[in-house]
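Below is one structure, written out as structure tokens; the observations come after it.
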Amino acid sequence: MQENFTTTKKTSDSKCFFSHATVPYDLNEGGSVYGARLLEWADNLSGLVSIKHRRGSVTTASFDQFNFVNPIQLGDFIFGEAFISGTGDASMEIFLKFVGEKSVTGEKYLAAFGFVTYAAKKLKPGEKVPKIIGETDEELSIMQGYEERKKIIREKIERNKALTEIIKL
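Per the UniProt record's numbering, residue 1 is the first one in the sequence shown, and the count goes up by one each step.
Written out as structure tokens, the structure reads:
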């Protein structure tokens, strides 16, 4: 019996959101949200997106780019949004952004954004990760750069292979 795989999905089918009020536990010694905490939230959020898109097992392949734009302070709200920004046969690139909001004034600011790649695990014969269709102007604009980002990542993977040969254990 031949499997019937979904070949294309819309970004809204797997888009996920995150919200959090910062607390002292989240802060570094400088008084802003610890970068590793934000990366943890990014990995969790992008993992949810990739699982919803694939509806199967996935694993984090790489943090391709992550930009800390503005610090998030104690008491600020943080809102995350993530969606599939490109797909390969067995991989998904997830774009995510974190927007901060001053809890007292309501002023919003871009806190961070980035791209994370997830790999599909245990693909069945003939199965590929579904392609993606953007729905908003922001999504379509970000998705336009996928092929160039993918090319840069492939080059980086090749350089990293050489590095793994010289790294001492």
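Even for Gly, the Cβ is constructed at its ideal location relative to N, Cα and C. Quantities reported herein were computed from a predicted structural model and do not represent experimental measurements.
- The Cβ atoms of SER50 and PHE77 do not sit closer than 9 Å to each other.
- For TYR109 and ARG55, the gap between their C-alpha atoms comes out near 33 Å.
- Contiguous alpha helix (DSSP H) elements confined to the segment 89 to 165 occur at 137 to 144, taking only those with 4 or more residues.
- The distance from the Cβ of THR105 to that of ILE72 is about 15 Å, inconsistent with a contact at the 8 Å cut-off.
- Note that the C-beta distance between GLN65 and ARG159 is not below 9 Å.
- The beta-carbon separation of LEU74 and LEU27, rounded to 6 Å, stays under the 8 Å limit for a contact.
- Between LYS124 and the set TYR118, SER57, ALA82, ALA112, the nearest pair of CA atoms involves SER57.
- Contact annotation, LEU140 with ALA82: C-beta distance approximately 16 Å; criterion of less than 8 Å not satisfied.
- Nearest Cα to ALA119 within the set LYS151, ASN67, ILE94: ILE94.
- If you draw a straight line from the Cα of THR87 to the Cα of ILE167, it comes to about 31 Å.
- In the structure shown, the three-state DSSP call for THR11 is helix.
- In the three-state scheme derived from DSSP, where H, G and I count as helix and E and B as strand, GLY35 is classed as helix.
- Of the candidates THR60, GLU147, MET92, MET92 places its Cα closest to the Cα of LYS15.
- Between VAL69 and PHE113, the gap from beta carbon to beta carbon is short of 9 Å.
- Take the alpha-carbon of ALA42 and the one of LYS151: they are about 23 Å apart.
- At a Cβ-Cβ threshold of 9 Å, LYS9 and ILE133 count as neighbours.
- Membership of GLU29 in any beta strand (DSSP E) is not indicated, and neither H nor E is assigned to it by DSSP.
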